[in-house]
């Protein structure tokens with residue numbers, strides 16, 4: 028947040044053909060250079076709060092725009108950092124694998140099989156993208172290892188970054204720091220986005236000259252920056268911070284740059300075509316662009332997308348802005364949320380903001396208790412409610428917190444409000460195709476015979492277990508300096524790591540050697556009960 032540390036002042040304005048041009052038509056006044064947003068967006072009485080980003084205020088006009096600018100700046104800076112991607116369980120998922128007619132392909136975007144479930148998810152996805160569905164509940168039900176979470180991940184990838192998508196495990200809401208209903212409320216608010224539009228003022232032109240002068244002691248620097256377009260040319264006096272920004276971006280004569288007047292951020296668009304012959308050789312990343320036309324100062328519409336939860340956090344306490352990045356949000360009062368909802372409703376009527384209904388995915392939903400299910404019944408009927416997608420691998424089981432049994436461990440009244448998507452176990456050919464995709468994702472070469480053995484293991488045990496053996500077998504193959512994983516590598520790791528069925532069998536054989544042998548006690552009590560009945 029740098030509103031008043033950049034000092035940019037125009038000194039004179041001269042057209043490229045030396046004809047006089049008034050400074051008022053070429054560049055704005057000095058006050059405009061430090062104005063963070065369009066004047067019509069925020070009242071003058073609130074402008075004092077923008078000079079100090081850390082200053083506490085609960086006025087939504089200031090808070091929302093200040094926070095949106097900070098989040099946008101932080102996300103743009105984060106894109107410049109190198110990221111190390113870790114190969115995860117669902118890192119191979121790129122989407123739902125549907126065509127334009129929402130017909131599922133047999134294998135596409137990392138998704139294999141589950142054609143009916145993927146098509147149903149595609150219909151829900153299309154309605155979410157068109158804004159025709161909100162406040163609905165969808166349940167993805169099926170046995171373990173049938174791709175329930177993969178379908179949810181595919182929906183998240185297909186929605187893109189514009190639509191908020193929040194993933195939550197049901198056990199995450201049970202915490203000593205906040206109540207269960209507060210955790211669910213925050214998850215709901217994270218899944219609702221607010222799209223705020225504002226006009227920012229930019230200075231865009233080709234750099235003619237950069238002149239930097241240092242003082243005798245070297246403590247301070249001053250400079251001048253000359254920018255031009257096809258119609259005009261202007262000289263700016265530079266402050267210390269602006270000089271550092273130019274040096275950091277390595278701006279030189281011939282570069283086409285843009286300067287955001289609100290934040291002072293400099294962006295290099297490329298080199299001008301007129302300077303294409305300055306060097307005999309250039310790097311492959313060098314981009315040539317045309318010299319900008321028209322005036323140097325331009326207006327550009329900027330869209331900030333933030334979630335309701337982020338607005339709640341900033342308004343909840345004195346240092347709410349810092350709490351947004353530290354993660355220590357705590358419980359938020361209902362009065363704060365009511366005020367924010369009222370202000371957002373006003374902005375929607377005025378056309379300043381737009382609500383973006385997102386998706387909340389709750390995995391292992393059967394772990395919620397009866398109080399949470401009761402809260403979901405009420406929360407789904409709210410005006411600001413996202414699409415709630417739940418996943419469960421349970422059959423008819425006890426509802427947590429009660430003695431009653433129900434399908435999927437959920438109350439019948441909540442099941443009546445849901446659209447249920449069912450998943451079926453994978454066939455052998457589909458399991459082999461999934462294993463081939465995982466081998467490509469983990470960069471593992473494997474022979475066809477080894478894939479056949481691994482597929483058989485996946486059918487007899489579980490798909491997750493066979494996927495876990497891929498990397499282990501690859502390490503064994505590297506140990507013997509083999510180019511590809513073979514059957515002997517699969518057999519070796521299969522003998523080293525037990526699956527669930529072999530582990531249970533091992534426990535039954537050696538149960539007397541373990542402490543607190545409840546299996547034997549259960550068997551003894553069962554035999555005693557049978558004897559009493561006889």
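In the working numbering, the protein residues as written are 28 to 561. A virtual CB, placed ideally from N, CA and C, is assigned to each residue, including glycine. Here the structure is a predicted model, which is why all the values come from computation and not from measurement.
Measuring straight from C-alpha to C-alpha, what distance separates residue 251 and residue 305? 23 Å
Nearest to residue 458 (by Cα), restricted to the options 201, 445, 164 and 172: 172
Can you give me the C-alpha to C-alpha distance between residue 153 and residue 138, rounded to a whole angstrom? 18 Å
At 4 residues or longer, what runs of the alpha helix (DSSP H) sit wholly inside the segment 382 to 420? Those alpha helix (DSSP H) runs which fall completely within the segment 382 to 420 and span 4+ residues are 397 to 406.
If I measure Cβ to Cβ from residue 408 and keep anything under 8 Å in the same chain, skipping five residues before and after, which residues do I get? Same-chain partners within the cutoff: 162.
Taking the straight line between their C-alpha atoms, what separation do you get for residue 434 and residue 398? 17 Å
Using the Cβ count rule (16 or more neighbours within 10 Å means buried), how would you classify residue 261? Buried, because 16 or more other Cβ atoms sit within 10 Å of the Cβ of residue 261.
Would you please state the rounded distance, in angstroms, between the beta carbons of residue 299 and residue 233? I believe it to be under 8 Å. 5 Å
So, are the CB atoms of residue 222 and residue 363 less than 9 Å apart? Taking 9 Å as the Cβ cut-off, residue 222 and residue 363 do not qualify as a contacting pair.
If you check the beta carbons only, do residue 265 and residue 181 fall under 9 Å apart? no
Compare the beta carbon distance of residue 280 and residue 237 with 9 Å and say whether it is the shorter of the two. yes
Classify residue 425: buried if its beta carbon has 16 or more other beta carbons within 10 angstroms, exposed otherwise. Exposed, because fewer than 16 other Cβ atoms sit within 10 Å of the Cβ of residue 425.
Alpha carbon to alpha carbon, what distance is there between residue 194 and residue 449? Their backbone Cα atoms lie some 20 Å apart in a straight line.
Does the beta-carbon distance from residue 319 to residue 253 come in below 9 Å? no
Roughly how many whole angstroms lie between the Cα atoms of residue 149 and residue 231? 42 Å
With burial defined as no fewer than 16 other Cβ atoms inside 10 Å of the residue's Cβ, what is the status of residue 473: buried or exposed? buried
Those residues which DSSP pairs with residue 315 across a bridge: Residue pairing for residue 315: DSSP places it in a beta bridge opposite 298.
Where residue 166 and residue 217 are concerned, what is the direct C-alpha to C-alpha distance, given to the nearest angstrom? 20 Å
From this set, 466, 456 and 376, which residue's C-alpha is nearest residue 141's C-alpha? 456
The alpha helix (DSSP H) spanning residue 520 covers which residue range? In the DSSP assignment, residue 520 falls within the alpha helix (DSSP H) that extends over 514 to 523.
Just to confirm the assignment, what range does the alpha helix (DSSP H) spanning residue 460 have? 455 to 468
With contact counted as at least three CB pairs below 8 Å, one residue from each stretch, are the segment 381 to 400 and the segment 411 to 429 in contact? Contact between the segment 381 to 400 and the segment 411 to 429 is established, with three or more Cβ pairs separated by less than 8 Å.
Assign residue 225 to buried or exposed, taking buried as 16 or more other Cβ atoms, counted over all protein chains shown, within 10 Å of its Cβ. In this structure residue 225 is buried. Its beta-carbon is surrounded by 16 or more other beta-carbon atoms within 10 angstroms.
Contact under 9 Å by Cβ, residue 11 with residue 501: The structure shown does not extend to residue 11, since the chain is modelled only from 28 through 561, so no value can be given for it.
Report the option in 183, 463 and 259 whose CA atom is closest to the CA atom of residue 479. Checking every option, the nearest Cα to that of residue 479 belongs to 463.
Of the residues 365, 206 and 192, which one's Cα is nearest the Cα of residue 198? 206
Suppose the cutoff is 7 Å on Cβ atoms and the five residues either side in sequence are ignored; what does the same chain contact list for residue 510 look like? 472
Within 10 Å of its beta-carbon, does residue 405 have 16 or more other beta-carbons around it, so buried, or fewer, so exposed? exposed
Mapping DSSP to helix, strand and coil, what is residue 437? Residue 437 falls in the coil class under three-state DSSP.
Can you check which of these residues, 125, 436, 431 and 432, is closest to residue 394 by C-alpha distance? 436
Check whether the Cβ atoms of residue 283 and residue 293 sit closer than 9 Å, and answer yes or no. With contacts defined by Cβ atoms closer than 9 Å, residue 283 and residue 293 do not form a contacting pair.
When the Cα atoms are used, what is the spatial distance from residue 419 to residue 289? 48 Å
Since residue 135 sits in a beta bridge, which residues does DSSP pair it with? 138
Cβ neighbours of residue 101 in the same chain (closer than 7 Å, five flanking residues each side left out): Residue placement at residue 101 cannot be trusted, given a pLDDT of 48 that sits under 50; the coordinates are not used to answer.
So what's residue 289 in DSSP terms, helix, strand or just coil? Three-state result, residue 289: coil.
Report yes if the C-beta distance between residue 359 and residue 156 is below 9 Å; otherwise report no. no
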